[in-house]
Amino acid sequence: MGLKDSPKIKHLGHGYYIEAGYLYYQPEPKGKSDDEPAPIKISSEIEVIARTRDLDGRQHGRLLRFHDADHVEKTVPVACASLQTDGAEVRQYLADLGLEIMPYKAARDKLNQYIVMSNPDNTALCVDKLGWYSNFGTYILPGKTIGSSGKERIVYQPSILGVSSSVKEKGNLKEWQQLSALCSGNSRLLMAASTAFAAPLVELTGAESGGFNFVGGSSTGKTTSLYIAASVCGEPAYVNRWRATGNGLEAMAAAHNNALLILDELAQVSPREAGEIAYMLANGSGKARASITGGSRPVTRWSLIFLSAGEISLAQHMEEGGKKARAGQEVRMVDIPAESGSGMGMFEELHGVDTPAQFAEMIRDKTSGAYGSAIVQFLTHLTEHIAKDKMGLLDTIRDTVSAFIQQVVPKNADGQVRRVAARFGLIAAAGELASNAGITGWNEGEAMHGVTACFKAWLEQRGGIGSQEERVILEQVRHFFQSHGDSRFSEISSSGDDAYTIPVNRAGFRKKQNGETVYLVFSEVFKSEIAKGYTPKNVAKTCINADYLLPSSDGKSSTPMSLPGIKKRTRVYIFTSTVLGSE
1244 MGLKDSPKIK HLGHGYYIEA GYLYYQPEPK GKSDDEPAPI KISSEIEVIA RTRDLDGRQH
1304 GRLLRFHDAD HVEKTVPVAC ASLQTDGAEV RQYLADLGLE IMPYKAARDK LNQYIVMSNP
1364 DNTALCVDKL GWYSNFGTYI LPGKTIGSSG KERIVYQPSI LGVSSSVKEK GNLKEWQQLS
1424 ALCSGNSRLL MAASTAFAAP LVELTGAESG GFNFVGGSST GKTTSLYIAA SVCGEPAYVN
1484 RWRATGNGLE AMAAAHNNAL LILDELAQVS PREAGEIAYM LANGSGKARA SITGGSRPVT
1544 RWSLIFLSAG EISLAQHMEE GGKKARAGQE VRMVDIPAES GSGMGMFEEL HGVDTPAQFA
1604 EMIRDKTSGA YGSAIVQFLT HLTEHIAKDK MGLLDTIRDT VSAFIQQVVP KNADGQVRRV
1664 AARFGLIAAA GELASNAGIT GWNEGEAMHG VTACFKAWLE QRGGIGSQEE RVILEQVRHF
1724 FQSHGDSRFS EISSSGDDAY TIPVNRAGFR KKQNGETVYL VFSEVFKSEI AKGYTPKNVA
1784 KTCINADYLL PSSDGKSSTP MSLPGIKKRT RVYIFTSTVL GSE
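Residue numbering for the sequence shown follows the numbering used here, starting at 1244 and increasing by one per position.
Rendered as structure tokens:
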């Protein structure tokens, strides 16, 4: 019986067939010879089961299926464009996943041709980002689709082969709940775990992306809290590092769309880039880049929450690079003091062990034993409720967020405080939603209590409920006068005598007025030094409102005056002594 008639052979077309667990190619006879050439053994058994494309009808490819040496089934999407050169990257990727490829050129070439020439009837929609699709009816994870994908299968095809967000499962939910139980009584751990549940809610509810940064000294438990959060979604390797360029973190953010991105060790990123990266992550979009045709490539977009840890705040880190943190940056990445006030670092309840170090070690052991099941259960819960009553689910989440804001934010608080409170509120709502679904094992109200404690800690270290930018401006102005109030101002005597000392790098004059010292600051000094980094008009307005600066009789922020040794009347900014000590 010939090869073509053997019942043990599965024919795939174009001369390809599968026999005894391997893929072969049968070349056509050359010339008039009836002798059939020897078949080319290509690889272990692999099939092309669907044609793929993206949402825009581009990025055409093939969906492959094979088993590795341990008989584990692998379903792998591959872009046809990646096979238009020699296809080495694709073959390396498949080999890494367990496909056995024969070590000679003919096998490599024929594997490429087999994938491209296969034209199955089935089709699938390929997406290059994880997260929500089908109007929030489907959530895509690596190798898993949660919810209904409609008529067409949806598969995840990362833009870079091999990119993984470490979303994996080990153990079951009950085993993970032994870990989550250790969060009880620990506000920072409740907060950290709840952020993982909140990330899929950001786009669903129309909330803003943004981040949180646990700030404190070494050995306070910061990294332990990150591993708690990671365990909701996947293995310990889900915790990434800040040590990357802006472009690298952009790719990382895209790989965590609609999910939690965890970044440890803030100090590892360049202080000159830190602020812009915080903006980028929270704003949900990368840089515009040119395509190979000269046009603009689609901008990479994402929706996420990121959780960070570091020994210094974002503002402190930026200062090391000569940068000044803007209020918008500190709103997008909120610094939470790691110290809980218990004297045990981040921890408040040690659950039967003697020291914080032992407690941290116990958590780390458990994060390696069970992970990933919680997010799968939570997403399943969400997709089921979205299918039944999407508006009811959204109302529940939004009502919880509103209740949180009403509880923790005073009526006269600045809009920045309300904006940050809304993000904390979403974390609380997510934690409560996961608890009510029986996922966390926490009692009702525990997540809300833990997140509230973290919000209050942030508000206290922030310095109050006023505008962050105004507070920073006043600090900068106050620092200038505390540093230079004596050394850079010529004193005008009360008698009007023009005899005075001209200091080096003079900033203006000072004199007694109604029993108090006032400072007459030259306009250029005010604009270039006191208001450095800000709009001078805005700085002047802020200083007038704080009673630091006296406006002129016509309401302007500067006043024309006759000054000793200067022939023409000169405009100066008149600061009161309040600027030296007001907090």
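Note that CB positions come from ideal geometry on N, CA and C, so glycine has one too.
Would you mind working out which of the options sits nearest residue i, comparing C-alpha positions?
i        : options                                   : result
Asn-1500 : Ser-1546, Lys-1251 and Ser-1513           : Ser-1546
Ser-1286 : Val-1822, Leu-1266, Ile-1292 and Gly-1304 : Leu-1266
Val-1720 : Met-1691, Ile-1745 and Tyr-1762           : Tyr-1762
Gly-1529 : Ala-1521, Arg-1544, Asp-1632 and Gly-1612 : Arg-1544
Glu-1713 : Glu-1591, Glu-1689, Gly-1776 and Ala-1680 : Gly-1776
Ala-1690 : Leu-1593, Gly-1674, Gly-1681 and Gly-1374 : Gly-1674
Ile-1292 : Ser-1325, Pro-1282 and Ser-1361           : Ser-1361
Val-1542 : Val-1577, Ile-1579 and Ala-1496           : Ala-1496
Leu-1354 : Phe-1818, Gly-1258, Ser-1766 and Ala-1439 : Gly-1258
Ile-1548 : Asp-1329, Arg-1731, Ser-1616 and Glu-1451 : Glu-1451
Ala-1367 : Val-1359, Ser-1427, Cys-1323 and Asp-1297 : Asp-1297
Phe-1440 : Thr-1623, Pro-1385, Ile-1708 and Asp-1657 : Thr-1623
Ile-1737 : Val-1747, Arg-1731, Lys-1754 and Ser-1409 : Going by the sequence as given, residue 1737 is Ser instead of Ile. Comparing Cα positions, the closest option is Lys-1754.
Lys-1780 : Tyr-1816, Ser-1583 and Leu-1557           : Tyr-1816
Ser-1829 : Gly-1256, Gly-1635 and Ile-1358           : Outside the displayed range of the chain (1244 to 1826) lies residue 1829, so it cannot be described from this structure.
State the Cα-Cα distance for the pair residue i and residue j, rounded to the nearest angstrom.
i        : j        : result
Gln-1711 : Gln-1659 : 7 Å
Ala-1510 : Lys-1566 : 14 Å
Ala-1696 : Leu-1422 : 21 Å
Pro-1272 : Leu-1307 : 29 Å
Val-1764 : Phe-1724 : 10 Å
Arg-1486 : Ala-1552 : 13 Å
Ile-1413 : Arg-1666 : The sequence shown places Lys at residue 1413, not Ile. Lys-1413 and Arg-1666: Cα-Cα distance of roughly 30 Å.
Gly-1706 : Thr-1802 : 32 Å
Val-1619 : Val-1768 : 59 Å
Ala-1843 : Glu-1703 : Outside the shown range of the chain, which is 1244 to 1826, sits residue 1843, and nothing can be said about it.
Gly-1459 : His-1560 : 13 Å
His-1303 : Gly-1489 : 29 Å
Glu-1563 : Pro-1514 : 6 Å
Glu-1734 : Phe-1752 : 6 Å
Ser-1462 : Glu-1508 : 13 Å
Ile-1640 : Ser-1437 : 14 Å
Phe-1698 : Ser-1766 : 41 Å
Val-1445 : Asp-1329 : 41 Å
Val-1475 : Ala-1617 : 5 Å
Val-1596 : Phe-1602 : 6 Å
Gln-1269 : Glu-1288 : 15 Å
Leu-1433 : Gly-1668 : 13 Å
Val-1315 : Gly-1341 : 9 Å
Ala-1646 : Ile-1629 : 22 Å
Gly-1684 : Gln-1420 : 6 Å
Taking only three categories from DSSP, how would you classify residue i?
i        : result
Glu-1493 : helix
Leu-1763 : strand
Asp-1578 : strand
Trp-1375 : strand
Ala-1322 : strand
Met-1634 : helix
Asn-1232 : Only positions 1244 to 1826 of the chain appear in the structure, and residue 1232 is not among them; the question remains open.
Lys-1284 : strand
Thr-1463 : coil
Val-1747 : coil
Lys-1755 : strand
Ser-1427 : coil
Ala-1293 : strand
Arg-1569 : coil
Thr-1813 : strand
Pro-1479 : helix
Tyr-1265 : strand
Leu-1882 : This structure gives no information on residue 1882, because the portion of the chain shown stretches from 1244 to 1826.
Return the chain-ordered list of same chain residues with a C-beta closer than 7 Å to the C-beta of residue i, the five sequence neighbours on each side being excluded.
i        : result
Thr-1388 : Thr-1381 and Ile-1397
Thr-1785 : Glu-1713, Ile-1716 and Leu-1717
Pro-1794 : Ile-1787 and Ser-1800
Met-1345 : Lys-1284, Ile-1285 and Ser-1286
Pro-1320 : Thr-1295, Gly-1304, Leu-1306, Cys-1369, Val-1398 and Gln-1400
Ile-1383 : Val-1370, Leu-1373, Gly-1374, Tyr-1376, Ile-1397 and Tyr-1399
Using a Cβ-Cβ cut-off of 6 Å (strictly less than) and excluding sequence neighbours within five positions of residue i, which residues of its own chain qualify?
i        : result
Gly-1453 : Ala-1525, Arg-1575 and Arg-1666
Ile-1773 : Val-1720 and Phe-1723
Met-1587 : Pro-1599
Leu-1469 : Val-1482, Ile-1505, Asp-1507 and Ala-1552
Can you list, in chain order, the residues of its chain whose CB lies under 8 Å from that of residue i, leaving out five sequence neighbours each side?
i        : result
Ala-1350 : Ile-1283, Lys-1284, Ile-1285, Ser-1286 and Ile-1344
Lys-1251 : Glu-1262 and Ala-1263
- request: With a floor of 4 residues, list each alpha helix (DSSP H) that falls wholly inside the segment 1578-1655, ordered by position along the chain.
  value: Qualifying alpha helix (DSSP H) stretches, in chain order: 1599-1610 and 1616-1651.
field: 3-residue-minimum beta strand (DSSP E) runs that sit fully inside the segment 1335-1385, ordered along the chain
entry: Counting only runs that start and end inside the segment 1335-1385, the beta strand (DSSP E) elements of at least 3 residues fall at 1366-1370, 1374-1376 and 1381-1384.
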